[in-house]
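In the UniProt record's numbering, the protein residues as written are 1 to 354.
The C-beta atom is built at its ideal place from N, Cα and C for all residues, glycine as well.
Structure first, commentary second.
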C-alpha cells in the first residue's frame, strides 16, 4: 500500500539584511554607505534598485568572494516628510569582461550558474527630511470676522530681500518661472487656521503668475503655519506665516430714543460662522438702562452657520443722555467677543391734564 502526495511551496522574500535611519534636509545632498557581504565562493555583482527617487548611486557593486564591499550613495530629497523605502541588491552577470592582448574576451574561470542569481539582499530605509529655511517670515494681524487677502507673485529665483507688505493685508512676493515650459506648483497650507487658497497654481513658461491667499479669521488666537509650494523640477520652497486674530472691531449702533417711562427696542444680529452651535453669554456695562431679551436670562444659542436676532431694550431713567451708554459684549470660548457701543438719548414724556 502506498500514498502519493503532491506538495506545493511558495518561497517568501527573506527578512531584510539591515535597516537604515537617515536624516536629511530639503535641497541638501548627504552621502551614505551600506556594507555588502559576499559569502559565496565566487565573486558576485549586485545590481542595485531603490524605490525612493531621490536616492542616487552606482547601478551595481562588485564584491569578491568571501569579501565585503561598501555601496556608497547620495540622497537629495526635494520635499519634506517621512519616507520609507527599500534598497535591493540583486545578483547578476559580472559586468567586467577580461580580454587578452588581442582584445578577445577570456571566458571566466568560474562559469555562471543561473542559481547564483536567485537570492537578493535588501535593506529597509527610513528617511526623515526636514524643511529648508523659509524664504521669509511674515507677521499678519487681522480682526476676527474681517476678510484679508494676501496676494503672492511667484518667481523661480533668489527672492530674499524682495518680499514686502502692501498695506497690512496684502503680501506680495515677486517670483518668475524662468523655465521654457509651463510648470505647476502644488500648494500646501499647514497649521493655518481660517486660511483659504487654491491647491495649485500654474505658471506659463518664462512668465509670472499671481496666487491669492484669503485670511478670514473666525476665532481669536495666534497661529504659526507654513505656506508651501512644490514642483518636481524645482523642489520645495515655503513661507512662514505668523497669524494673529484680534477681537472684532466694535460696532456702534444707531442712537436709541425713548420717552421717560417707556422703552424702545433695537435688534442686534449675531452670526455663528462655525460648523457647531455656540452658546453666548451677554455682559453689559449698564444693566440699569439696557437689557437683552433672551429666554435664558443672559445666555442664548446660535445654530451652526446661522444668524440670530437679539432684542436690545433701552429703558431711560432720567431726562437727557447722561449715563445712557453701555458697552455690550457677547462672549464665547470659541469665538471672540462682539463689542457694541450704545449711545442713546431719551425725551421727557409729555402728559396733559385737563
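Contact set for residue i: own chain, Cβ-Cβ below 7 Å, skip 5 residues either direction
i: residue 190; result: 225, 226, 228
i: residue 314; result: 256, 258, 263, 264, 289, 290, 344
i: residue 293; result: 311, 313
i: residue 200; result: 184, 185, 186, 187
i: residue 205; result: 177, 179, 180, 181, 182
i: residue 54; result: 75, 76, 77, 78
Residue i - partner residues in DSSP beta bridges
i: residue 60; result: 47
i: residue 17; result: Looking at the DSSP assignment, residue 17 forms no beta bridge with any residue, so it has no partner.
i: residue 196; result: 214
i: residue 279; result: 301
i: residue 133; result: Beta-bridge pairing links residue 133 to no other residue.
i: residue 127; result: 22, 83
i: residue 309; result: 269
i: residue 30; result: 75
i: residue 290; result: 314
i: residue 122; result: 88
i: residue 35; result: 70
i: residue 8; result: Note: residue 8 sits in no beta bridge, so no partner.
i: residue 319; result: For residue 319, which the question treats as bridged, DSSP gives no partner whatsoever.
i: residue 141; result: 244
i: residue 41; result: The partner list for residue 41 (beta bridge, DSSP) is empty, contrary to what the question assumes.
i: residue 356; result: Given a span of 1 to 354 for the chain in the structure shown, any question on residue 356 remains unanswerable.
i: residue 175; result: For residue 175, which the question treats as bridged, DSSP gives no partner whatsoever.
i: residue 190; result: 226
Other residues of its chain near residue i: CB distance less than 6 Å, five sequence neighbours each side excluded
i: residue 307; result: 269, 271
i: residue 2; result: none
i: residue 304; result: 275, 276, 277
i: residue 322; result: none
i: residue 141; result: 244
i: residue 230; result: 79, 186, 236
i: residue 167; result: Low confidence applies to residue 167: its pLDDT is 39, below 50, so where it sits in the model is not reliable, and the reading given next is rough at best. None.
Proximity of residue i and residue j at Cβ, strictly below 7 Å
i: residue 81; j: residue 138; result: no
i: residue 216; j: residue 194; result: yes
i: residue 126; j: residue 21; result: yes
i: residue 60; j: residue 45; result: yes
i: residue 120; j: residue 88; result: yes
i: residue 143; j: residue 218; result: no
i: residue 136; j: residue 71; result: no
i: residue 318; j: residue 298; result: no
i: residue 43; j: residue 24; result: no
i: residue 118; j: residue 83; result: no
C-alpha gap between residue i and residue j, whole angstroms
i: residue 309; j: residue 245; result: 25 Å
i: residue 15; j: residue 36; result: 15 Å
i: residue 186; j: residue 132; result: 17 Å
i: residue 261; j: residue 296; result: 25 Å
i: residue 287; j: residue 329; result: 12 Å
i: residue 163; j: residue 29; result: Confidence in residue 163 is poor, its pLDDT being 48 and thus under 50, which makes the residue's placement unreliable; the coordinate value appears in the next sentence. Distance between the alpha carbons of residue 163 and residue 29: 28 Å.
i: residue 188; j: residue 92; result: 43 Å
i: residue 362; j: residue 284; result: Residue 362 falls outside the range modelled here, since the chain spans only 1 to 354, and no answer is possible.
i: residue 4; j: residue 31; result: 57 Å
i: residue 90; j: residue 124; result: 15 Å
i: residue 182; j: residue 212; result: 19 Å
i: residue 332; j: residue 247; result: 12 Å
i: residue 155; j: residue 279; result: Per-residue confidence for residue 155 stands at a pLDDT of 37, beneath the threshold of 50, marking its modelled position as unreliable; the derived number appears in the next sentence. Near 47 Å, if we compare the C-alpha coordinates of residue 279 and residue 155.
i: residue 96; j: residue 17; result: 26 Å
i: residue 68; j: residue 33; result: 12 Å
i: residue 10; j: residue 41; result: 27 Å
i: residue 19; j: residue 198; result: 39 Å
i: residue 202; j: residue 175; result: 13 Å
i: residue 62; j: residue 47; result: 9 Å
i: residue 249; j: residue 221; result: 15 Å
i: residue 94; j: residue 122; result: 19 Å
i: residue 301; j: residue 134; result: 43 Å
i: residue 58; j: residue 6; result: 44 Å
i: residue 210; j: residue 13; result: 51 Å
Cut-off 8 Å between Cβ atoms - residues of its own chain near residue i, not counting five sequence neighbours on either side
i: residue 26; result: 77, 78, 79, 80, 129, 130, 131, 132, 235, 236
i: residue 56; result: 73, 74, 75, 76
i: residue 232; result: 78
i: residue 254; result: 266
i: residue 192; result: 223, 225, 226, 227, 241, 243
i: residue 38; result: 44, 63, 64, 65, 66, 67, 68, 69
i: residue 8; result: none
Residue-level contact to chain D via CB, residue i, 7 Å cutoff
i: residue 285; result: Protein chain content of the structure displayed is limited to a single chain, and chain D is not contained in it.
At which residue ranges does the stretch 198 to 255 contain complete beta strand (DSSP E) runs of 3 or more residues, listed in the order of the chain? Qualifying beta strand (DSSP E) stretches, in chain order: 200 to 203, 209 to 215, 221 to 231, 235 to 246.
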